[in-house]
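**Student:** Just so you know, the sequences run in chain order L and W. Start counting the first sequence at 721; every next residue gets the next number (this note's numbering). Start counting the second sequence at -16; every next residue gets the next number (this note's numbering). We put the beta carbon where it would ideally sit given N, CA and C, even for glycine. Dropping a structure here in structure tokens format, bear with me for questions.
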Amino acid sequence: MADTITDTTGMAFLETRRSRFLTLWLPLSVFLFVLLFPFYWMVITTLKPNEELLSREGNPFWVIRPTLAHVHKLLFETSYPEWLWNTVLVSVVSTLLSLLCSVLAAYAIERLRFRGSRYVGMGIFLAYLVPPSILFIPLAAMVYNLGLFDTRLALILTYPTFLIPFCTWLLMGYFKSIPLELEECALIDGASRWQILWRIVLPLAVPGLISAGIFAFTLSWNEFIYALTFISSSEVKTVPVGVVTELVEGDVYHWGSLMAGALLGSLPVAILYSFFVEYYVSGLTGAVKE
Amino acid sequence: MDRILDNRNVLGILFLLPAAVLLLLFLTYPLGLGTWLGFTDAKVGRSGEFVGLENFAFLVQDAVARLSLFNTLFYTIIASAVKFVLGLWLAVLLNERLPFKAFLRAIVLLPFIVPTALSAIAFWWIYDSQFSIVSWAMMRLGLIDRYIDFLGDPWNARLSVIAANVWRGVPFIAITLLAGLQTISPSLYEAAALDGASGWQRFRHVTLPLLTPIIAVVMTFSVLFTFTDFQLIYVLTRGGPLNATHLMATLSFQRAISGGALGEGAALATLMVPFLMATILFSYFGLQRRAWQQGGSDR
């Protein structure tokens, strides 16, 4: 145990304080500043009254008379609340639908080991590599022909195309780590496959389910190209599409409410993420590692 | 025993059914349909006639389509290279002994998790020609004498969208590479140091070789996402000025959805497939795991 501790400390004692500042703290602070500045800028712009926004006098990095006017305008004079509701609805339903399909598929591929399961596993991985940018045109034609154009259902049915491959791939990894003996014991005791999945495998795979769920939820919340293509009425738009297409009116940009819209649309995923960072990171790295 | 085997296959198909139906219907089928549409003169709301290679022949001699191919390659190559260098650097920094390590790692990933369309709007404002905060700060520091027209000049616009793409992509690369770095045993570095290796040599001959497999996977994903990028361009420039930032994805959207020429847009989207295949094959065959990275020896 003592060995591993000295190991992780590494050779840091060889470094002087000054070189550590130059090689570590300085570049790290620059990285953090650049990565976080746009968020700070979103907040500050949201709180600035228009006359401060559109003036080159004074210090733009700070706000002198903060106001919630932009947020108020956004919530009460635009369809923003509707967009939020649509985004929540579409994200939650498509995430749950994808999780259900993925759990069954991952269990079948990883544990039932039916004939050809290896190839199905490969197929799922390849499906993961198909980008939405080459699918949206034929999908638009399909959505139109199926009479789903301009409905939330169009999004709920198409989002699983990128969620299921990802979730299945992630869950396959989790299922692999559950000892086979547990299942064999249950089989001998007369449990059905369904009972095994429901009572033994799923409870043990809860961390994987959370990872997949969180990731799928943020992916659908952030989705843009399908929502832009399949939806045209304001009342069924999602937040990213609504902000981009409806809040920009003519040549006069209402930067305050645009930034408020961007901020409020980012907050839900950011808050969710902050509660489940570890799950999110393990989902991210787990999906890449295999 | 027969019954169980039988059961396995039947049950396997049953369990697979919901996922398979959704994927076949909304992924495999449109993939084929898209290729087919590329050979037709379909318009929005009207299925077209087969026109052979007409769309492709048109696109090959179309100056805007050619420019979009150049833009896409430029965007992908520059952005991926910069993301790789900065991402690896950030990963190495985060792998050091730091206070609040978990917190720092959580914060670093923020640009990656917020909706790209929304962070792009923040960049739009940062790049504003009159009120850009970057121009303001550089003026104050005396670096420039008038405001930079970030999105109005072709080359400025190209570099500005690349910068925004890098901002969003670096966290993804850094965090996934960090996971790879954490699996490298510190004793290897100590051994190298005892043999007199400098910091750079330790990085070059210990870290980099051991990290290659995960770099290959991460960069493949990064290149695929960058090559097919859409939202950032759509929000920041819509392909302008003078089509200087049109990527193949944004141009196919413009032609197919805004312009209604589904067939032509689909042909353009289909033209992206060979590049994607090449990337995947290159990473699969060129950067695969090597035996020595697992402690074995090369053939």
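Can you give me the Cβ contacts of residue 770(L) inside the same chain, cut-off strictly under 7 angstroms, excluding the 5 residues immediately before and after it?
**Tutor:** Taking the first sequence and counting its residues from 1, one reaches residue 770(L) at position 50. Taken in chain order, the residues that qualify are 976.
**Student:** DSSP three-state label for residue 776(L), please.
**Tutor:** Working through the first sequence from its first residue, we reach residue 776(L) at position 56. Reduced to three states, the DSSP call for residue 776(L) is coil.
**Student:** Can a CB atom of chain W be found closer than 8 angstroms to the CB of residue 763(L)?
**Tutor:** Locating residue 763(L) in the first sequence gives position 43, where the first residue counts as 1. Judged by the 8 angstroms Cβ criterion, residue 763(L) is not in contact with chain W.
**Student:** Counting pairs of Cβ atoms below 8 angstroms between the stretch 18 to 34 of chain W and the stretch 244 to 254 of chain W, do you hit three or more?
**Tutor:** Enough Cβ pairs lie closer than 8 angstroms, so yes.
**Student:** Determine which residues share a DSSP beta bridge with residue 26(W) and list them.
**Tutor:** Position 43 of the second sequence, counted from the first residue, corresponds to residue 26(W). Per DSSP, 29(W).
**Student:** With DSSP collapsed to three states, give me the class of residue 725(L).
**Tutor:** Sequence index remark: in the first sequence, residue 725(L) carries index 5 (1-based). Because the pLDDT at residue 725(L) is just 40, under 50, the model does not fix this residue reliably, and the point stays unresolved.
**Student:** In or out: residue 86(W) buried (at least 16 other Cβ within 10 Å) or exposed?
**Tutor:** Along the second sequence, one-based indexing puts residue 86(W) at 103. So residue 86(W) ends up on the exposed side.
**Student:** What separation, rounded to the nearest whole angstrom, lies between the Cα atoms of residue 889(L) and residue 899(L)?
**Tutor:** Numbered from its first residue, the first sequence carries residue 889(L) at position 169. Numbered from its first residue, the first sequence carries residue 899(L) at position 179. Rounded to the nearest angstrom, the two C-alpha atoms are 18 angstroms apart.
**Student:** DSSP on residue 965(L), reduced to helix/strand/coil?
**Tutor:** Translated into positions along the first sequence, residue 965(L) becomes position 245. Residue 965(L) falls in the helix class under three-state DSSP.
**Student:** Taking Cβ-Cβ distances below 8 angstroms as the criterion, which residues of the stretch 914 to 944 of chain L are in contact with chain W?
**Tutor:** If the cut-off is 8 angstroms between Cβ atoms, the stretch 914 to 944 of chain L has 938, 941, 942 and 944 near chain W.
**Student:** If you measure beta-carbon to beta-carbon, which residues of the stretch 867 to 886 of chain L are closer than 7 angstroms to chain W?
**Tutor:** Here the close residues are 877, 878, 880, 881 and 884.
**Student:** Would you kindly work out how many angstroms separate the C-alpha atoms of residue 71(W) and residue 849(L), rounded to a whole number?
**Tutor:** Residue 71(W) sits at position 88 when you count from the first residue of the second sequence. Residue 849(L) sits at position 129 when you count from the first residue of the first sequence. For residue 71(W) and residue 849(L), the distance between alpha carbons rounds to 23 angstroms.
**Student:** Exposed or buried, what is residue 853(L) when buried is set at 16 or more other beta-carbons lying within 10 Å of its beta-carbon?
**Tutor:** The sequence position of residue 853(L) within the first sequence is 133, counting from 1. That one is buried.
**Student:** Which same chain residues, not among the five before or five after residue 884(L), have their C-beta less than 6 angstroms away from its C-beta?
**Tutor:** The residue given as residue 884(L) occupies position 164 in the first sequence. Excluding positions up to five away in sequence, the list reads 818, 821 and 822.
**Student:** To the nearest angstrom, how far is the alpha carbon of residue 68(W) from that of residue 750(L)?
**Tutor:** Stepping through the second sequence from its first residue, residue 68(W) is reached at position 85. Stepping through the first sequence from its first residue, residue 750(L) is reached at position 30. Each residue's alpha carbon lies about 15 angstroms from the other.
**Student:** Using a Cβ-Cβ distance cut-off of 8 angstroms, determine whether residue 42(W) contacts chain L.
**Tutor:** For this step, residue 42(W) is matched to residue 59 along the second sequence. Not one chain L Cβ lies under 8 angstroms of residue 42(W).
**Student:** List the residues of chain W whose Cβ lies closer than 7 angstroms to the Cβ of residue 858(L), in chain order.
**Tutor:** As a working mapping, residue 858(L) is identified with position 138 in the first sequence. In chain order: 13, 16, 17, 20 and 249.
**Student:** Output, in sequence order along the chain, the residues in the stretch 249 to 270 of chain W whose CB is closer than 8 angstroms to any CB in chain L.
**Tutor:** Cβ contacts with chain L come from 249, 252, 253, 255, 256, 259 and 263.
**Student:** I need the straight-line Cα distance from residue 931(L) to residue 129(W), nearest angstrom please.
**Tutor:** Along the first sequence, one-based indexing puts residue 931(L) at 211. Along the second sequence, one-based indexing puts residue 129(W) at 146. Cα to Cα, residue 931(L) sits roughly 48 angstroms from residue 129(W).
**Student:** First and last residue of the alpha helix (DSSP H) that includes residue 223(W)?
**Tutor:** Counted from its first residue, the second sequence places residue 223(W) at position 240. No alpha helix (DSSP H) holds residue 223(W); DSSP gives it neither H nor E.
**Student:** Can residue 240(W) and residue 958(L) be called in contact, C-beta distance under 8 angstroms?
**Tutor:** Taking the first residue of the second sequence as 1, we reach residue 240(W) at position 257. Taking the first residue of the first sequence as 1, we reach residue 958(L) at position 238. Their beta carbons are not under 8 angstroms apart, which means residue 240(W) does not touch residue 958(L) by this criterion.
**Student:** In angstroms, rounded to a whole number, what distance separates the CA positions of residue 855(L) and residue 91(W)?
**Tutor:** The sequence position of residue 855(L) within the first sequence is 135, counting from 1. The sequence position of residue 91(W) within the second sequence is 108, counting from 1. In a straight line, the C-alpha of residue 855(L) is about 31 angstroms away from that of residue 91(W).
**Student:** Where do the N-terminal and C-terminal ends of the alpha helix (DSSP H) with residue 802(L) fall, by residue?
**Tutor:** On the first sequence, position 82 is the one that residue 802(L) refers to. 800 to 827 is the extent of the alpha helix (DSSP H) around residue 802(L).
**Student:** In three-state DSSP terms, what is residue 229(W)?
**Tutor:** Locating residue 229(W) in the second sequence gives position 246, counting from the first residue. Note: residue 229(W) maps to coil in three-state DSSP.
**Student:** For residue 788(L), name the three-state secondary structure that DSSP assigns.
**Tutor:** To locate residue 788(L), count along the first sequence from 1; it is residue 68. Coil.
**Student:** So if I threshold CB-CB distances at 7 angstroms, which residues from the stretch 835 to 860 of chain L count as touching chain W?
**Tutor:** If the cut-off is 7 angstroms between Cβ atoms, the stretch 835 to 860 of chain L has 835, 837, 840, 847, 849, 850, 851, 853, 854, 855, 857, 858, 859 and 860 near chain W.
**Student:** The stretch 788 to 805 of chain L: which residues have C-beta closer than 9 angstroms to a C-beta of chain W, in chain order?
**Tutor:** From the stretch 788 to 805 of chain L, no residue has a Cβ closer than 9 angstroms to chain W.
**Student:** Identify the contact partners of residue 195(W) in chain L, using a Cβ-Cβ distance below 9 angstroms as the criterion.
**Tutor:** Your numbering for residue 195(W) matches position 212 in the second sequence. Simply none; closest approach about 14 angstroms.
**Student:** Just checking: is the beta-carbon of residue 833(L) within a distance shorter than 8 angstroms of some beta-carbon in chain W?
**Tutor:** Working through the first sequence from its first residue, we reach residue 833(L) at position 113. Output row for residue 833(L): interface = yes.
**Student:** Please report the straight-line C-alpha distance between residue -15(W) and residue 906(L), rounded to a whole angstrom.
**Tutor:** Counted from its first residue, the second sequence places residue -15(W) at position 2. Counted from its first residue, the first sequence places residue 906(L) at position 186. Confidence in residue -15(W) is poor, its pLDDT being 46 and thus under 50, which makes the residue's placement too unreliable to answer from.
**Student:** Interface residues of chain W around residue 986(L) at Cβ under 8 angstroms?
**Tutor:** For the purposes of this step, residue 986(L) is taken as residue 266 along the first sequence, with counting starting at 1. Within chain W, the residues near residue 986(L) are 97, 98, 101 and 102.
**Student:** Just how far apart, CA to CA, sit residue 862(L) and residue 740(L)?
**Tutor:** Here residue 862(L) corresponds to residue number 142 of the first sequence, with the count starting at 1. Here residue 740(L) corresponds to residue number 20 of the first sequence, with the count starting at 1. Each residue's Cα considered, the two are about 58 angstroms apart.
**Student:** By how many angstroms is the C-alpha of residue 774(L) removed from the C-alpha of residue 114(W)?
**Tutor:** Taking the first residue of the second sequence as 1, we reach residue 114(W) at position 131. Taking the first residue of the first sequence as 1, we reach residue 774(L) at position 54. The straight-line gap from Cα to Cα measures roughly 7 angstroms.
**Student:** Assign residue 865(L) to buried or exposed, taking buried as 16 or more other Cβ atoms, counted over all protein chains shown, within 10 Å of its Cβ.
**Tutor:** Numbered from 1 along the first sequence, position 145 holds the residue referred to as residue 865(L). Exposed, because fewer than 16 other Cβ atoms sit within 10 Å of the Cβ of residue 865(L).
**Student:** Quick check on the burial criterion: 16 or more other C-beta atoms within 10 angstroms. Buried or exposed for residue 29(W)?
**Tutor:** Taking the first residue of the second sequence as 1, we reach residue 29(W) at position 46. By the neighbour-count rule (16 or more Cβ atoms within 10 Å), residue 29(W) is not buried but exposed.
**Student:** Given a threshold of 16 other Cβ atoms within 10 Å of its Cβ, counted over all protein chains shown, does residue 285(W) qualify as buried or as exposed?
**Tutor:** In the structure as shown, chain W begins at -16 and stops at 282. Residue 285(W) is therefore absent and cannot be evaluated.
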